[in-house]
Amino acid sequence: MIEVSKLSFGYKGYAQNKILDEINMTAYPGEITAIIGANGIGKSTILKNICGLLQGSGEIRICGKNIKEYNRKDLAGYISYLSQDTASNALLSVFEVVLLGRAARLSAIVSDDELMVVRDVLRRLNLEEYASRNIGELSGGQRQLVFIAQALVRKPKVLIMDEPTSNLDLYYQFQIMNLLKELTVTEQFTTLVSLHQLDLVARFADKVIVINKGCVYDYGIPEKILTTKTFRDVYRMNTEIIKNGSAYYVIPVSQY
20 MIEVSKLSFG YKGYAQNKIL DEINMTAYPG EITAIIGANG IGKSTILKNI CGLLQGSGEI
80 RICGKNIKEY NRKDLAGYIS YLSQDTASNA LLSVFEVVLL GRAARLSAIV SDDELMVVRD
140 VLRRLNLEEY ASRNIGELSG GQRQLVFIAQ ALVRKPKVLI MDEPTSNLDL YYQFQIMNLL
200 KELTVTEQFT TLVSLHQLDL VARFADKVIV INKGCVYDYG IPEKILTTKT FRDVYRMNTE
260 IIKNGSAYYV IPVSQY
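Spelled out as structure tokens, the structure:
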């Protein structure tokens with residue numbers, strides 16, 4: 020579980036450049052919570068504060084405990100974080116990169132059980148054929164899948180991903196989100212993701228947090244949040260919304 024209370028943050032001092040202004044939010048186990056909002060609005064900054072990579076004011080609790088009470092190793096054992104930057108020049112195979120996700124649990128001799136966990140995730144993401152290839156030889160989208168596999172193989176209590184589908188084609192976008200949904204429910208992860216693809220938000224998110232001007236604009240289930248008013252206020256776009264079963268289409272009409 021993630022609990023955020025009155026989180027504020029600014030890179031050059033709050034008075035000069037306050038990016039986040041008293042953010043309050045909660046994300047629950049067994050649910051995918053999506054953060055949405057315009058570019059540069061602070062979504063990544065929220066995620067980095069929750070992971071402990073940045074430190075603002077306010078309080079953040081992970082699994083009921085203030086993150087300031089965790090040491091770095093223990094916090095890493097609870098949280099698996101995937102940033103937007105998946106570039107890599109490491110001379111490692113895909114299998115080795117994913118295996119590093121188990122680093123906290125590895126000994127000098129890697130057990131068959133650890134190898135099995137890695138193979139299972141590679142299989143689920145259809146990455147088995149790339150297992151022996153160097154990570155630097157893959158396309159941006161393929162590398163994205165590998166680092167998603169590395170995040171999943173840790174089996175964390177809290178899974179945080181910053182635009183995990185940004186470099187993926189439609190097939191892999193839905194494959195990844197289907198897998199995240201399945202694992203979030205079966206493993207009872209608390210999954211927090213930032214997303215731009217609103218059709219994926221509508222289909223896979225249990226809760227949506229909308230960030231606008233450094234504050235929480237709205238919070239709730241997708242059906243309540245994804246409205247023409249939200250898109251006008253947050254994205255400055257007049258839109259039409261078409262719903263067809265679980266499919267959800269946002270059609271831009273004009274700038275607002």
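Each residue of the sequence shown is one higher than the one before, starting from 20 at the first, in the working numbering.
Backbone N, C-alpha and C fix where the C-beta goes; we use that ideal spot for every residue, glycine too.
Treat the numbers as computed from the prediction; the structure is a model and nothing was measured.
When only Cα atoms are considered, Leu-146 and Pro-241 end up about 31 Å apart.
Our two residues, Asp-252 and Val-229, have alpha carbons roughly 11 Å apart in a direct line. Just measuring C-alpha positions, the residue of Met-44, Arg-222, Pro-48 sitting nearest Val-204 is Pro-48.
For the 8 Å CB-CB criterion, Ile-167 and Leu-101 form a contact. Residue state for Gln-103 is assigned as coil, using DSSP reduced to three classes. Listed in chain order, the non-local C-beta contacts of Leu-73 below 7 Å within the same chain comprise Phe-28, Thr-64, Lys-67, local neighbours out to five positions each way being set aside. Going by C-alpha positions, Tyr-97 is about 5 Å away from Lys-176. By the CB criterion at 8 Å, Val-235 and Asn-58 fall outside the cutoff. Between the beta-carbon of Leu-26 and that of Gly-75 there is about 6 Å, and that keeps the pair under the 8 Å contact cut.
In this structure, the straight-line span from the alpha carbon of Arg-91 to that of Gly-71 is close to 9 Å.
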